[in-house]
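The numbering of the sequence shown is the working numbering, which starts it at 4 and goes up by one. We treat Cβ as the ideally placed atom computed from N, Cα and C, and that holds for glycine.
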Amino acid sequence: MAITLLDMLLNAQLINRHQFDEALQNRVLYGGRIGTSLIELGFVDEETLARFLSSKLSVPYVPPQRLLNIPENVIALIPQDLALKYKVIPLRLEGKRLHLVMSDPADLTAVDEIAFASGYLIFPLITPEVRLMQALGKYYEMPVSSRYQAILDRISTAPTPPPAVSLPVEVEEHLEEAEVVEDLLDEPASRPDTPPDWSERMENYSVDSLSQKLAYAEDREQIADLLIQALRRKFDRGALFLIRKETASGWRGFTNHEETTSLDTLHIPLMRPSILKTALEGHSYYLGSLESSPLNSRLTAAFGDEWPSTVLVMPLSIMGRVVCILYLEGGGASLKEWVPNLQKLLNKAALAFEILICRDKILMS
4 MAITLLDMLL NAQLINRHQF DEALQNRVLY GGRIGTSLIE LGFVDEETLA RFLSSKLSVP
64 YVPPQRLLNI PENVIALIPQ DLALKYKVIP LRLEGKRLHL VMSDPADLTA VDEIAFASGY
124 LIFPLITPEV RLMQALGKYY EMPVSSRYQA ILDRISTAPT PPPAVSLPVE VEEHLEEAEV
184 VEDLLDEPAS RPDTPPDWSE RMENYSVDSL SQKLAYAEDR EQIADLLIQA LRRKFDRGAL
244 FLIRKETASG WRGFTNHEET TSLDTLHIPL MRPSILKTAL EGHSYYLGSL ESSPLNSRLT
304 AAFGDEWPST VLVMPLSIMG RVVCILYLEG GGASLKEWVP NLQKLLNKAA LAFEILICRD
364 KILMS
């Protein structure tokens, strides 16, 4: 599953959870890329942000002094309409290899389309969105909004503030390792056509299709469809149970990687001991052996005669209330290794349900 810039910064302790949420809200309200919101709010300075992304994505960083001093003949390599459509700036041409500054080198579709339209092999470079807007205004006469101009005025005159907290040693090392274009382009060209493992890294940091589909799901059945389709490719058997009052009712499931309807009539009462009751009352996941009990036997019988050696059961909560429980068996790797990604998946599914609730509130109020 893809990891976002906010996740990366949070994991690296460059921002905290409150800043994570505030930056996300700022982006929703005012638009632009999340990096712009982080700079605008003063949570991360532009160079730290750019160097961090450069190190993580293996894409060189273009500092402002280099970005704002590009020869006219180089700018002419990308016509205005193409530059404004994809928000890119050409920096240097080496044979058929064009060094191209982008705010989002993870946009592989844009890279491919620019390569096709221009006829050049694209070598992506990164810079903060706000600096890219400044360069597009200078070279391609794109109007710079008052919001971006205000950010530019502030970061151009204010000294770089020290970090709010001391950075972990490994983060400091990452920032020091970031490739900077002013160092790279002054040297004779002896680099590969594309950065090492660049496309593979981009796949990890671009927004995955499952997240996009969850964000635009039309109803609860579509959310369930997306979850089951993703899970049945990785696990042998699994199910989603809806929690209604004192009962867990089989909703959707799969066995041997294929969807099954055997759960339609499966109802597990939650007043008596079962693995589902354990997950519900604990508000946390359960990973381990499945105890022998009448209700657990009824559950496993829906998938066949084989008793699982290990099961993973995880609650899905909306606004503090458990509304669904995920049950899984088997898989290509240890179930324990899947826990972090599955927690993230269920969190996204919960957000998708909340979006549906908010949408209904808008339509019905």
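- DSSP places Arg-240 in the strand class (E or B) of the three-state scheme.
- By the Cβ rule, the segment 36 to 48 does not count as touching the segment 65 to 82, because fewer than three pairs are nearer than 8 Å.
- Taking the C-beta atoms as reference points, Ile-73 is found nearer than 8 Å to Ile-92.
- Under DSSP, Met-274 shares a beta bridge with no residue.
- In its chain, beyond the 5 residues on either side, Pro-272, Leu-273, Met-274 have a beta carbon closer than 7 Å to the beta carbon of Glu-249.
- Classified as exposed, Tyr-33 has fewer than 16 neighbouring CB atoms from the shown chains inside 10 Å of its CB.
- In this structure Pro-131 is in contact with Ile-42, their Cβ atoms being roughly 6 Å apart against a cut-off of 8 Å.
- With 16 or more other CB atoms across the displayed protein chains lying within 10 angstroms of its CB, Cys-327 is buried.
- When secondary structure is reduced to three states using DSSP, Ser-295 falls in the coil class, being assigned neither helix nor strand.
- Residues Ala-227, Ile-231, Leu-243 of the same chain have their beta carbon placed closer than 6 Å to that of Arg-255, with the five preceding and five following residues left out of the count.
- Beta-carbon to beta-carbon, Arg-100 and Phe-126 are separated by about 5 Å, close enough to satisfy the 8 Å threshold.
- Residues Leu-71 of the same chain have their beta carbon placed closer than 7 Å to that of Lys-141, with the five preceding and five following residues left out of the count.
- With contacts defined by Cβ atoms closer than 8 Å, Tyr-89 and Ile-129 do not form a contacting pair.
- If only complete runs of 3 or more residues are kept, the segment 313 to 353 shows the beta strand (DSSP E) at 314 to 321, 324 to 332, in order along the chain.
- By the CB criterion at 8 Å, Leu-338 and Leu-315 fall inside the cutoff.
- Looking at the backbone, the Cα of Phe-306 and that of Lys-237 are separated by about 16 Å.
- Look at the segment 48 to 75 and you find these whole runs of alpha helix (DSSP H), each 4 residues long or longer: 49 to 60, 67 to 70.
- Less than 8 Å divides the Cβ of Met-317 from the Cβ of Leu-345.
- For the pair Asp-222 and Ile-278, the Cα-to-Cα distance works out to about 28 Å.
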